[in-house]
Amino acid sequence: MNYLTSKEGEFTMKPVSLWVVSDLSTSSGRQNDLECIEIYVSIIQSQRPSVAIQSLTLLLSLEDGRGLENEEELVGLFKDIEKFKMAAFEKRMKELASSSVFEYQREFLKRVLQLEPGASAILSNGRLIGPLGPKESFIFDDLEALYNFEISSHVQTISNAIDSVDLILPDPDSDTTEYRSDLVMRLASLLRSQTKARRLELDSFKKEHSVLSVPPLSSGPVIHILLILDPLSPSSQKLSPLLGNLKDLLPLNITVLFNPLTKLSALPLKEFFVPDDAPIITGSNDTVPTTDTINIFSIASGHLYERFLRIMMLSVLKHTKNPAKFWFLKNYFSPQFKDFIPRMAERYGFEYELVQYKWPCWLHGQTEKQRLIWAYKILFLDVLFPLNIKKIIFVDADQVVRTDMKELLEEPLDGAPYGCTSFCDSRTDMDGFR
Numbered sequence: 001m002n003y004l005t006s007k008e009g010e011f012t013m014k015p016v017s018l019w020v021v022s023d024l025s026t027s028s029g030r031q032n033d034l035e036c037i038e039i040y041v042s043i044i045q046s047q048r049p050s051v052a053i054q055s056l057t058l059l060l061s062l063e064d065g066r067g068l069e070n071e072e073e074l075v076g077l078f079k080d081i082e083k084f085k086m087a088a089f090e091k092r093m094k095e096l097a098s099s100s101v102f103e104y105q106r107e108f109l110k111r112v113l114q115l116e117p118g119a120s121a122i123l124s125n126g127r128l129i130g131p132l133g134p135k136e137s138f139i140f141d142d143l144e145a146l147y148n149f150e151i152s153s154h155v156q157t158i159s160n161a162i163d164s165v166d167l168i169l170p171d172p173d174s175d176t177t178e179y180r181s182d183l184v185m186r187l188a189s190l191l192r193s194q195t196k197a198r199r200l201e202l203d204s205f206k207k208e209h210s211v212l213s214v215p216p217l218s219s220g221p222v223i224h225i226l227l228i229l230d231p232l233s234p235s236s237q238k239l240s241p242l243l244g245n246l247k248d249l250l251p252l253n254i255t256v257l258f259n260p261l262t263k264l265s266a267l268p269l270k271e272f273f274v275p276d277d278a279p280i281i282t283g284s285n286d287t288v289p290t291t292d293t294i295n296i297f298s299i300a301s302g303h304l305y306e307r308f309l310r311i312m313m314l315s316v317l318k319h320t321k322n323p324a325k326f327w328f329l330k331n332y333f334s335p336q337f338k339d340f341i342p343r344m345a346e347r348y349g350f351e352y353e354l355v356q357y358k359w360p361c362w363l364h365g366q367t368e369k370q371r372l373i374w375a376y377k378i379l380f381l382d383v384l385f386p387l388n389i390k391k392i393i394f395v396d397a398d399q400v401v402r403t404d405m406k407e408l409l410e411e412p413l414d415g416a417p418y419g420c421t422s423f424c425d426s427r428t429d430m431d432g433f434r
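The sequence shown begins at 1 in the UniProt record's numbering and counts up by one.
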């Protein structure tokens, strides 16, 4: 097999070898071949042998800028070139006309690649890409992207390994860059044949109710992504923000085919996945904490516990004269509570902050809602609450406080990171905190 390559890379090993199958009797086939000149490529004619000679004549005439219709006019074109070996050229033209090289290529396309006459395709180190449609063509940038894709796989490793060894051959003169490039192609093709991949075109499904289509933002070349997923699975919930970010970065044409279970005894999804934002603190303006401010942290989920939480807050404010500041985890509050808390703070004169933070990457993810709430509570009390606060008190949302929380604020911990009130009934001094 003969290859076309640039003079600069004539004596260097090529890790990627491209075979371009084209029909030179068509304009798209000729354009594809012209785009390949800058790549280490071999061109295989997919038309009939008689048409191949005429197509070579036409290709040369297009490159020269003249319109030639047959071999005689092509011969006349080269007669005008000084020092051109006309006899050798005419002899080579006759050899090509009577040669069976085009017949061999046609049999190779038919039996090995299973391509019809006139088809267009690309072989990249043994990988068949095609056949291409009648209106499909490629440009140099497409070939360059294909080259970079091959390099990013195992081809570069194979090339480096072959380039670093001394091959023992019967004829030492046969150890050339062409031989090593061909060896890389053979090994890459052999390794690729061990892995099986499938590519399916799903165009025959109904699109009324179970298909979501998101068109690309631009009108240029796009990447088609087809997703088949169960919308009620936790893994599917996490794909929506990922696809949203990819769509902002890449020209994507996304089609989502919903494939849920037809019969369910219970709802498999207990909560909707909400992607974590950057750490957010909302509510009152930033103030310098004072030592007499009672900082209370609590968590509530659901309308019932939000009601308990309001009762707990009022019970704290009722039994103390110190300023109070409440810290809440924003993740599980309802929209109604988020709208209500500013008016409540203005009415009763307390401060509040809604805290939201990402799940730590070093901590195993949880799926149960209650375990998530417990983990967020422990994380906040352990490492995440602001360091400029001397002490923070956790109070359950359903707890009713009947004494001044200032006593817990002033209770010395003697260097301990945590303190817990007693749960024994015999400790009468803890009656207000049980």
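Note that beta-carbon positions come from the ideal geometry of N, C-alpha and C, so glycine has one too.
Between which two residues does the beta strand (DSSP E) harbouring residue i extend?
| i | result |
| --- | --- |
| Y352 | 351–356 |
| W19 | 18–22 |
| L212 | 211–214 |
Report all residues from its chain with a CB closer than 7 angstroms to the CB of residue i; omit the five preceding and five following residues, and keep chain order.
| i | result |
| --- | --- |
| Y418 | none |
| L246 | L252 |
| L183 | I162 |
| I158 | V184, L187, A188 |
| L243 | I254 |
Since residue i sits in a beta bridge, which residues does DSSP pair it with?
| i | result |
| --- | --- |
| R127 | S124 |
| V222 | DSSP lists no partner for V222. |
| F326 | I296, Y352 |
| L229 | F258 |
| L132 | S120 |
| I393 | I296 |
Note the first and the last residue of the continuous alpha helix (DSSP H) segment covering residue i.
| i | result |
| --- | --- |
| H303 | 303–318 |
| T157 | 156–163 |
| residue 438 | No answer is possible for residue 438: it lies beyond the span of the chain, which begins at 1 and ends at 434. |
| F258 | Where F258 is concerned, there is no enclosing alpha helix (DSSP H), although the beta strand (DSSP E) it sits in stretches over 252–258. |
| F149 | 140–150 |
| A375 | 369–379 |
| K406 | 406–410 |
Rounded to the nearest angstrom, what separates residue i and residue j at their Cα positions?
| i | j | result |
| --- | --- | --- |
| L59 | D23 | Interpretation of L59 is limited by its pLDDT of 45, a score under 50 that renders its predicted location unreliable; the figure taken from the coordinates is listed afterwards. Whole-angstrom Cα-Cα distance: 11 angstroms. |
| F340 | Y305 | 15 angstroms |
| E346 | T421 | 31 angstroms |
| residue 483 | S28 | An answer regarding residue 483 cannot be provided, because it is not within the stretch 1 to 434 covered by the chain. |
| N125 | F328 | 60 angstroms |
| residue 477 | N253 | Outside the shown range of the chain, which is 1 to 434, sits residue 477, and nothing can be said about it. |
| V165 | F149 | 25 angstroms |
| P234 | E368 | 11 angstroms |
| F258 | S236 | 10 angstroms |
| V355 | L132 | 55 angstroms |
| S334 | Q156 | 55 angstroms |
| I139 | L146 | 11 angstroms |
| I162 | V16 | 13 angstroms |
| S55 | E107 | Below a pLDDT of 50, predicted positions are generally treated as unreliable, and S55, at 46, falls in that range; the measurement from the model is reported next regardless. Between S55 and E107, the C-alpha separation is close to 19 angstroms. |
| E411 | Y332 | 31 angstroms |
| G415 | L249 | 51 angstroms |
| V211 | L226 | 10 angstroms |
| S240 | K358 | 17 angstroms |
| M312 | T428 | 22 angstroms |
| S181 | L191 | 16 angstroms |
| H224 | P216 | 9 angstroms |
| I389 | K238 | 35 angstroms |
| Q105 | K91 | 22 angstroms |
| R111 | E103 | 12 angstroms |
| F297 | C361 | 24 angstroms |
| G65 | H209 | Confidence is the limiting factor: at G65 the pLDDT is only 40, short of 50, which leaves the residue's position unreliable, though a coordinate-based value still follows. Cα-Cα distance, rounded: 56 angstroms. |
Take residue i and list the residues in its own chain whose beta-carbon comes closer than 6 angstroms to its own, dropping the five residues that flank it on each side.
| i | result |
| --- | --- |
| S315 | V400, V401 |
| A300 | E306, L309, A397 |
| S213 | T255 |
| I228 | L257, N259 |
| K406 | T320, N322 |
For residue i, tell me which candidate among the options has the shortest Cα-Cα distance.
| i | options | result |
| --- | --- | --- |
| E351 | Q366, K369, N322, L372 | N322 |
| I392 | I373, Y376, T428, A324 | A324 |
| K263 | E411, V184, D230, Y104 | D230 |
| V395 | D248, N295, P221, K110 | N295 |
| Q31 | Q105, K135, G302, R343 | K135 |
| K330 | P342, M313, E353, H319 | E353 |
| H154 | G130, Y179, R186 | R186 |
| D292 | H224, A188, L408, P360 | L408 |
| G349 | F326, C361, T176 | F326 |
| L261 | G244, L232, K238, L242 | L232 |
| E178 | H303, F337, K14 | K14 |
For residue i, which residues of its own chain have a beta-carbon under 8 angstroms away from its beta-carbon, when the five flanking residues on both sides are left out?
| i | result |
| --- | --- |
| Q366 | L372, A375 |
| I378 | none |
| L113 | V21, A121, L123, L128 |
| G130 | V21, L115, A119, S120, A121, I122 |
| P221 | P251 |
Does the CB of residue i have a neighbour CB from chain C at under 9 angstroms?
| i | result |
| --- | --- |
| H319 | Reference to chain C is not applicable here, since this structure consists of a single protein chain. |
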